[in-house]
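Peer 1: Protein chains in written order, with our numbering: chain D, 1 to 373; chain P, 1001 to 1308; chain X, 2001 to 2516.
Each residue gets a CB set at the ideal place from its N, CA and C atoms; glycine is no exception.
A single structure is presented below for examination.
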C-alpha cells in the first residue's frame, strides 16, 4: 500500500529542548530558529496572499487584511464567532492528534464528525428524556459511533494492511453521503424546504454562553487537558507515542502494535465524532447538509500547523478559525470567502517550507557557534 | 430492451471515462517516479475553473483545456520544488495544495465567471467526420467526443513511453530504486521534476474537461472526491497503465450506472448510490492488499532521495 | 609463484586512510592489484576491506592517500568515474530495480543507448555474455528481476558491469546471498571470468573461498592490512592467524562450572526468513541457570533470527521453545518478558525521541510502581531513571535529554540498566557491545557477570572471539543457520578452532557437544 509510514516529526526535538532550556535558562540562538521560521512562514503566507488579492481583484491588500483582522480578532461578535467556529475544529483535531502521535494518518475526522452528527440527531430528535440523562447519552453514543466508524479503518489496517490514510478518506465521503441520505430520508423533517432534519428536542439543545458562542466551546477546551493527560500521563499514551516515535524500538520492547493501532483508531475516531455532535446540539440544533462544514478537513491543517502538539493545537485552531471568519467578512468588499482556504493552503505550504529554513538556520548556527546542547 | 439498457450504460460509462483516465494517468506519472501527488483533488478544482475561464477567453473548449493544463503545471512546479528540490514532506505539501486548489478554484470562479454561464463541450467524432446518419449500435461510438479518443491515445502513448523507451526505463528505475538509477547515471532530480510537471498538467486537463465538457459549468464541490478516487485508482491499479484503465472503467461504470438508473426511474436513494464509488474503492483496496503483498509499489514512493 | 616478467599493475592504492566519526576504518593501507589475477581481501566484518572497495569504486571519499589506475593517479569521486576507468563492482546489496526485467536493468546501465529500447541488440549482447560464462540467463532476459533467486540477481549485476565494459571487477561479500548449492558454480564463474582476462578483486570473510580461488590473499584486521600472501602458500592456519589475530594456544580462563537447573530448552527450531528460506535449521540447545553461553556467529548466519524467535518476535515454523518446563513456542513477547525473558538488542533499544526518563521503562510501562490503573507515576519513573543513570553510569546532563542525543555507549548503558532492573532470569544479548568504546564494553561485561553470579542466564551473541571467550562459560557456534559446534569447557578450545567453524571451515561433529 502506501509506503509512507508517518515519520516522527523531527521538529519535536525542539519542543522538548524548550522544556530543558527553560529550566536551565540556557537560552541559545538555536532555540530561536523555530519561532523565527514560523514568523517567516506567516509573513510569507500573507505576502503571497496579498499578491493574490492584488493580482486577482486589484484591491489594496493592506486595507483588506486590516478589515479582515479587525473583524475576526478585534470585534466582540467576531471574536465570539471565531471561538464558536474553532469549537468543532478543536474537538476533531484533539481526536486526530492521538492517532498522529501513534504514527497513524487518521484523516477521517470529517466522516467521523458526520457519524457523530447523525447519531446525535437520531437520539436528539427521538429520545424524550430529561437533559441530564439525554445529553450524556448523546455524547456517549456519538463517541461509540465515531469509534466504530474509524474502527473500520483500524480493522482494515491491522487485518489487511490497507493504509489508513486512504481508508479514512474514503470513509469520509461515505459518511457524508450517509448524512445526506439521512436528512433526505429517514431523519428528514416533514415537508422540508430543503433537505434537513427536524429540530432536536429542546432539552437536547445546549445553551449559548453568548450568541454565537455555545457551552460546547467549554467542552472543547476541557478536551485539551484530557487528551494531553491521555498522551502524557497514561501508560496507553506512553505506548502509543513509543510506537509513533520509534516503531522498531517499541516492537523490540514487546509492544503489540496491531492491538495498539486498533485502540488508538477507536479513541481517535470517538473523540473526533464529538465535533459533529457539538455542531448538532450546540449550533444547528438539527442536521443539515453542511453540518460538518469541512471542519474535519480543516482540522487536518490545524494539527499539521501545530506540529501535532496538543497544547499548541487550540491556538492554531483559533488562528485558522479567525481566517475563516475574517474572510467571510470580506464578501462585502467583493472578495470571496474562499480566500480563507487560499490562505490556509498557503500557510501549510509555507510552514512546510519553514521546516526547511529552520533546518538550514540550525545547521549554520550550530556549525558557526558550536553551541553545546 | 435489456440490450438497449446495456448499450446505454456502456456509453454513459465511456462518456465519463476520460475524466478518470486522464487524471489517473497524471497521478500515475508522479507516483511512477516516486512522488505522491496528494493534491489531485485541489488541482482538479483549480483547473476546472481555469478551464471555464479559458473557454470564455476564446469561446473554445480547447482553450479551456490549455488553461487547465497550465494550472496543473503550476501546481506541479510547487509540488516538485518543495518535494524534490527541498525534500520536504510530500503528504503535508499535498494537503497544502489541496486547500490552495479548493480556495483558488471557488475564488476565481466568484470573481471571473459570470453566473449561469454554460460552456459547450468538444465536438463528437461524428461531427468531426461529418456523419449525418442515425446513431445506433456501433455508430454510437461517433457520439463520443474527441477527448475520449485522445485519452485512449494518451493511455497508449504513456504505456509505450514507460515500457518501450529509455526515458520510461529511467522513470521506472527512479521510482523503484533511485540509488540504482543514480548509479546508472540517471539524473534523478531532472526525471522527477519533469515527470511531475507533466503529470500534474494532465490532472489539470482532467479537471478542465470535467468542468467544460462534462458538467458544462462550475458548481462548488463539483470534483466531489474524483481526485481522490483517481489517486486510489493509481494505487490499486498497481502502478500499471493497463490496470489503471480497467480501474477507470470500473468507476466510470459506477457513475454511468447512477445516471442510467435515475433516468429509467429505479428508486434507489441517489445518496446511497453515490456512496458506491467510495465503497468500491475500499473493497478494491482490501482485495488487492489481501491478495498480494506490496510487490508492485514503486519501492521509493514517498521517500525523498538523498545522495550519499 | 613468481612470474618471470614483472606483472602489470592495473590498480594500486597508496596510504589510504578513512575514518567514520571516531572509528578509524582504514589506516594507511597500500596495496597493488595485478592484471589478470584474483586478489582476495580477507577479514572479519568491520576489518576495513569493504571500506577500501567503496573508496576505490567512488562510493566513499578517502581521507588521505591516492589511487592509481594503470599507473596514473585519479581522483574517483563517484561510481561514474570508476566505471569510466573500467572498474565495476558487484555490490553486497544489489542495486537492481526489481520491477524491471533483466534486459531493462542492464540496458539502464549501458552507455550510449538508443531512445527506443533496442531490445534485439541488447538481448544479443546479454545472451552472448551469458553464454560465454555459463550464466544460464539466455532464455530469461525478459523475466522481472524481482522474481529471480539471489544467485541469478548476482549474475545480472555481473552482466551489468560486463556490458558496461569494465575490465577490473570487484566482488563484495558475493557469496553471502547464495544458497550452498549455488556456491561452487559461482566460484567457477569467477574463475572463468578471470581466465578470459578480467582482473578480479574478491572480498570475503570466508577462508575456504579465499583458499579455493585466490592468486593472492591480503588479510585485513581492524582497519589495517596484515599482510599479503600468495594463494599457493596459504593454508587454513596461516589465514586464520592473519584474520583473527589469534595465536594457536588456548585462550579462555573461565573455569567450567556445575550446571544449574535447566531454564530454557530449544528443540529442533526452524525459522523462515523474509525470502522464505530457512534461516534457522533444526537448532537445538539447552541453557541452565547462572551461566553465560556465548553464541559465536558472523552476521548473516542466523543469530538475529534465533534472538527474535526466542523472545517471540518471529514466528517459528517448527520446533519447540520450553521455558522452565512450560511450552512458550507460541506465546507473545510480552508474556515471555513477564516470565523473566529479556532481549538486549544491539540497536533500537531506545525510542530516539523519548527522553532518558521515558526510555527507562520502555519494556514495562504497565508495571507498578511505574503505572497503576493505567496512569503513569512520574515520581516513580523519575526515581527509577535516576537510579539507572547513577548505577549504570549513564552520562547525561539531565534525564530529560532525548535519547538520540546520548552517545552510543551511554545509550547501551541505559538500555542494559533498564533490562537488568526488571530482574530478568534469561537475557538474550544480541551484539550488545557493537560499536562501543572499550570502557562501555567492559562495563557491560561486568554487569552481565554480576547478574550471572546472581543466577541470571545470558545468551551472549557476538562475533568478537576475545569478547566471547572473556565472558562465556560455554560456547556455541552458528553457521548458516545451524549450530555447528558446542564447547562446554572453553579452557581446551582455541580461537582458531572456533574461527574455522564460524567461517564454515569445517563442521565440527561431536566436539564435546551436548547440543544433540
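Note down, in chain order, each residue of its chain lying with its Cβ closer than 6 Å to the Cβ of residue 2092(X), except the 5 sequence neighbours on either side.
Peer 2: As a working note, residue 2092(X) is residue 92 in the third chain. Correct list, in chain order: 2172 and 2173.
Peer 1: Does any C-beta atom of chain P lie closer than 8 Å to the C-beta of residue 361(D)?
Peer 2: Here residue 361(D) refers to the residue found at position 361 when the first chain is read from its first residue. No, no contact with chain P.
Peer 1: List the residues of chain D whose Cβ lies closer than 7 Å to the Cβ of residue 1089(P), in chain order.
Peer 2: Along the second chain, read from residue 1 onward, the residue named residue 1089(P) stands at position 89. Near residue 1089(P) (Cβ distances below 7 Å), the residues of chain D are 352.
Peer 1: Quick check on this structure: which residue in 2421(X), 2088(X), 2116(X) and 2293(X) has the alpha carbon closest to the alpha carbon of residue 2260(X)?
Peer 2: As a working note, residue 2260(X) is residue 260 in the third chain. For residue 2260(X), the nearest C-alpha among the options comes from 2293(X).
Peer 1: Please report how far the alpha carbon of residue 2365(X) lies from the alpha carbon of residue 89(D), in whole angstroms.
Peer 2: The residue given as residue 2365(X) occupies position 365 in the third chain. The residue given as residue 89(D) occupies position 89 in the first chain. C-alpha separation (whole angstroms): 32 Å.
Peer 1: Does the CB of residue 170(D) have a neighbour CB from chain P at under 8 Å?
Peer 2: Here residue 170(D) refers to the residue found at position 170 of the first chain. Judged by the 8 Å Cβ criterion, residue 170(D) is in contact with chain P.
Peer 1: Would residue 2160(X) be called buried (16 or more neighbouring beta carbons within 10 Å of its own) or exposed?
Peer 2: As a working mapping, residue 2160(X) is identified with position 160 in the third chain. Residue 2160(X) should be labelled buried.
Peer 1: For the alpha helix (DSSP H) that residue 90(D) lies in, which residues bound it at each end?
Peer 2: Taking the first chain and counting its residues from 1, the one referred to as residue 90(D) is at position 90. Run containing residue 90(D): 76-101, per the alpha helix (DSSP H) assignment.
Peer 1: With distance defined between alpha-carbon atoms, name the residue in 36(D), 37(D) and 50(D) nearest to residue 343(D).
Peer 2: On the first chain, residue 343(D) is found 343 positions in, with the first residue counted as 1. Ranking 36(D), 37(D) and 50(D) by Cα distance to residue 343(D) puts 50(D) first.
Peer 1: Leaving out five residues on either side along the sequence, give the residues of the same chain with a beta carbon under 8 Å from the beta carbon of residue 239(D).
Peer 2: Locating residue 239(D) in the first chain gives position 239, where the first residue counts as 1. 250, 255 and 260, listed in sequence order.
Peer 1: Only counting runs of 3 or more residues, tell me where the beta strand (DSSP E) segments fall wholly within the stretch 2203-2247 of chain X, in order along the chain.
Peer 2: For the stretch 2203-2247 of chain X, whole beta strand (DSSP E) runs of length 3 or above, ordered along the chain, are 2216-2221 and 2224-2230.
Peer 1: Spatial neighbours of residue 1055(P) within its chain, please: C-beta separation below 7 Å, excluding the five flanking residues on both sides.
Peer 2: Mapped onto the second chain, residue 1055(P) falls at position 55. Answer for residue 1055(P): 1061, 1063, 1064, 1119 and 1212, listed in chain order.
Peer 1: Show which residues of chain X have a CB atom less than 9 Å away from the CB atom of residue 234(D).
Peer 2: Locating residue 234(D) in the first chain gives position 234, counting from the first residue. Going along chain X in sequence order, the residues near residue 234(D) (Cβ under 9 Å) are 2371, 2374, 2375 and 2376.
Peer 1: Flag residue 1048(P) as yes if its beta-carbon sits less than 8 Å from any beta-carbon of chain X, otherwise no.
Peer 2: Position 48 of the second chain holds residue 1048(P). It does not: the Cβ of residue 1048(P) has no partner Cβ on chain X nearer than 8 Å.
Peer 1: Relative to the alpha-carbon of residue 1282(P), which residue among 163(D), 207(D) and 276(D) has its alpha-carbon at the smallest distance?
Peer 2: Along the second chain, one-based indexing puts residue 1282(P) at 282. Out of 163(D), 207(D) and 276(D), 163(D) has the C-alpha closest to the C-alpha of residue 1282(P).
Peer 1: What did DSSP end up calling residue 24(D) once you bin it into helix, strand or coil?
Peer 2: Within the first chain, the letter at position 24 stands for residue 24(D). The predicted model places residue 24(D) with a pLDDT of 41, which falls under 50 and marks its position as unreliable, so this point remains unresolved.
Peer 1: Which residues share a DSSP beta bridge with residue 2292(X)?
Peer 2: Start at 1 with the first residue of the third chain, and residue 2292(X) comes out as number 292. DSSP, once it has assigned bridges, lists 2458(X) as partnering residue 2292(X).
Peer 1: Could you spell out where the alpha helix (DSSP H) holding residue 1175(P) opens and where it closes?
Peer 2: For the purposes of this step, residue 1175(P) is taken as residue 175 along the second chain, with counting starting at 1. Note, residue 1175(P): alpha helix (DSSP H), 1166-1176.
Peer 1: How many angstroms separate the CA atom of residue 2295(X) from the CA atom of residue 2359(X)?
Peer 2: In the third chain, the residue the question calls residue 2295(X) occupies position 295. In the third chain, the residue the question calls residue 2359(X) occupies position 359. For residue 2295(X) and residue 2359(X), the distance between alpha carbons rounds to 28 Å.
Peer 1: Mind checking which residues open and close the alpha helix (DSSP H) that includes residue 1186(P)?
Peer 2: Numbered from its first residue, the second chain carries residue 1186(P) at position 186. Neither: residue 1186(P) is in no alpha helix (DSSP H) and is coded neither H nor E.
Peer 1: Can you have a look at residue 218(D) and say buried or exposed, based on whether 16 or more other CB atoms are within 10 angstroms of its CB?
Peer 2: Counting from one through the first chain, the residue named residue 218(D) turns up at place 218. Answer is exposed; the Cβ neighbour count stays below 16.
Peer 1: Give a yes or no on whether the C-beta atoms belonging to residue 2481(X) and residue 2278(X) are separated by under 8 Å.
Peer 2: Within the third chain, the letter at position 481 stands for residue 2481(X). Within the third chain, the letter at position 278 stands for residue 2278(X). Cβ distance < 8 Å, so residue 2481(X) and residue 2278(X) count as in contact.
Peer 1: Is residue 2161(X) close to chain P, meaning its C-beta is less than 8 Å from at least one C-beta of that chain?
Peer 2: Taking the first residue of the third chain as position 1, residue 2161(X) is located at position 161. Closer than 8 Å: no.
Peer 1: Compare the beta carbon distance of residue 375(D) and residue 270(D) with 8 Å and say whether it is the shorter of the two.
Peer 2: Limits of chain D in this structure are 1 at one end and 373 at the other, which puts residue 375(D) out of reach.
Peer 1: Taking 8 Å as the cut-off, does the stretch 350-357 of chain D touch the stretch 33-45 of chain D (at least 3 CB pairs, one atom from each stretch)?
Peer 2: Yes, since at least three Cβ pairs between the stretch 33-45 of chain D and the stretch 350-357 of chain D fall closer than 8 Å, the two stretches touch.
Peer 1: Less than 7 Å between C-beta atoms, sequence neighbours within five positions excluded: which residues of the same chain meet that for residue 107(D)?
Peer 2: Taking the first chain and counting its residues from 1, one reaches residue 107(D) at position 107. Hits under 7 Å: 165, 168, 169 and 300.
Peer 1: Residues of chain X with CB under 7 Å from residue 1165(P), in chain order?
Peer 2: To locate residue 1165(P), count along the second chain from 1; it is residue 165. By Cβ distance, chain X contributes 2115, 2116 and 2117.
Peer 1: Thinking C-alpha only, which one of 2198(X), 2135(X), 2267(X) and 2216(X) is nearest residue 2322(X)?
Peer 2: As a first step, residue 2322(X) is located in the third chain; it is residue number 322 there, counting from the start. The shortest Cα separation from residue 2322(X) among 2198(X), 2135(X), 2267(X) and 2216(X) belongs to 2267(X).
Peer 1: Within 8 Å (strictly less), CB to CB, does residue 2148(X) reach chain P?
Peer 2: Locating residue 2148(X) in the third chain gives position 148, where the first residue counts as 1. It does not; no Cβ of chain P falls within 8 Å.
Peer 1: So residue 2229(X) and residue 2238(X) are in contact, right, with Cβ under 8 Å, and what is the actual spacing, rounded?
Peer 2: One-based indexing of the third chain puts residue 2229(X) at position 229. One-based indexing of the third chain puts residue 2238(X) at position 238. That belief holds up - the Cβ atoms of residue 2229(X) and residue 2238(X) are roughly 7 Å apart, short of 8 Å.
Peer 1: How many Å lie between residue 2421(X) and residue 1226(P) at the Cα?
Peer 2: Position 421 of the third chain, counting from 1, holds the residue named residue 2421(X). Position 226 of the second chain, counting from 1, holds the residue named residue 1226(P). About 56 Å.
Peer 1: Could you name the residues of chain D that residue 2352(X) contacts, counting a contact when the two beta carbons are closer than 9 Å?
Peer 2: The sequence position of residue 2352(X) within the third chain is 352, counting from 1. Ordered by position in chain D, the residues that pass the 9 Å Cβ test against residue 2352(X) are 8, 245, 246 and 249.
Peer 1: Looking at the unbroken alpha helix (DSSP H) that takes in residue 2466(X), where does it start and where does it end?
Peer 2: The residue given as residue 2466(X) occupies position 466 in the third chain. Here the alpha helix (DSSP H) through residue 2466(X) covers 2465-2471.
Peer 1: Going residue by residue through the stretch 2138-2206 of chain X, where are the continuous beta strand (DSSP E) segments of at least 3 residues, counting only ones entirely within it?
Peer 2: List check, beta strand (DSSP E) in window: 2168-2172 and 2199-2204.
Peer 1: Find out if the Cβ-Cβ distance for the pair residue 2162(X), residue 2129(X) is shorter than 8 Å.
Peer 2: The sequence position of residue 2162(X) within the third chain is 162, counting from 1. The sequence position of residue 2129(X) within the third chain is 129, counting from 1. Yes, the Cβ-Cβ distance between residue 2162(X) and residue 2129(X) is below 8 Å.
Peer 1: Kindly identify the DSSP beta-bridge partner or partners of residue 2033(X).
Peer 2: Counting from 1 along the third chain, the entry for residue 2033(X) is found at position 33. Residue 2033(X) pairs with 2011(X).
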